[in-house]
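What follows is a single structure, written as structure tokens, with notes after it.
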Amino acid sequence: MASRGELLSLYRQLLRSAATYPSKNRQGIYRAIQEEWRDDVALNPDDPKTKQKINVAFKGLEQLRMYDSMKLSKGNPENPNWEVTLEQNPMPKPGGD
Numbered sequence: 073m074a075s076r077g078e079l080l081s082l083y084r085q086l087l088r089s090a091a092t093y094p095s096k097n098r099q100g101i102y103r104a105i106q107e108e109w110r111d112d113v114a115l116n117p118d119d120p121k122t123k124q125k126i127n128v129a130f131k132g133l134e135q136l137r138m139y140d141s142m143k144l145s146k147g148n149p150e151n152p153n154w155e156v157t158l159e160q161n162p163m164p165k166p167g168g169d
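Residues 73 to 169 in my numbering are what the sequence shown lists, from first letter to last.
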């Protein structure tokens, strides 16, 4: 089970990563994260559906971080040589098997 502090840390990491995500829809992604967390703030962290949402949030963070310019450029933002690895079915639908 994730503690309240761990979930708050996840939320902050998602917002930081969304703020630097290279997309025209960056602000929309940022707002969607905020809205989703506001809607789910009172959920029971022990509920299986909530655990699944937390897992999807971790997966989303991993995907946002794939496009972090400092990570992609290995610490040199001027370096144009990016490396991205994609995986099959990166965001499974909640409730789907």
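Note that CB positions come from ideal geometry on N, CA and C, so glycine has one too.
**Asked** Mind checking Ser89: buried by the 16 CB within 10 Å criterion, or exposed?
**Response** The residue given as residue 89 occupies position 17 in the sequence shown. Counting Cβ neighbours within 10 Å, Ser89 comes out buried, since at least 16 surround it.
**Prompt:** Per DSSP, what kind of secondary structure is Ser95 in: helix, strand or coil?
**Reply:** Position 23 of the sequence shown holds residue 95. Looking at Ser95 - three-state DSSP - the assignment turns out to be coil, as it is neither helix nor strand.
**Message:** I need the boundaries of the alpha helix (DSSP H) containing Asn127, first residue and last residue.
**Reply:** For the purposes of this step, residue 127 is taken as the residue at position 55 of the sequence shown. Per DSSP, Asn127 belongs to the alpha helix (DSSP H) from Pro120 to Met138.
**Asked** With 16 other CB atoms within 10 Å as the buried threshold, where does Gly100 fall?
**Response** Within the sequence shown, numbered from 1, the residue matching residue 100 stands at position 28. That one is exposed.
**Asked** CB Ile105 to CB Leu86, shorter than 8 Å?
**Response** One-based indexing of the sequence shown puts residue 105 at position 33. One-based indexing of the sequence shown puts residue 86 at position 14. The answer is yes: Cβ separation under 8 Å.
**Request:** Identify whether Ser89 lies in helix, strand or coil by the three-state DSSP scheme.
**Result:** What you label residue 89 is simply residue 17 of the sequence shown in a count that begins at 1. Ser89 falls in the helix class under three-state DSSP.
**Prompt:** Pick from Glu134, Asp140, Ile126 and Gln135: whose alpha carbon is nearest that of Ala74?
**Reply:** To locate residue 74, count along the sequence shown from 1; it is residue 2. Checking every option, the nearest Cα to that of Ala74 belongs to Ile126.
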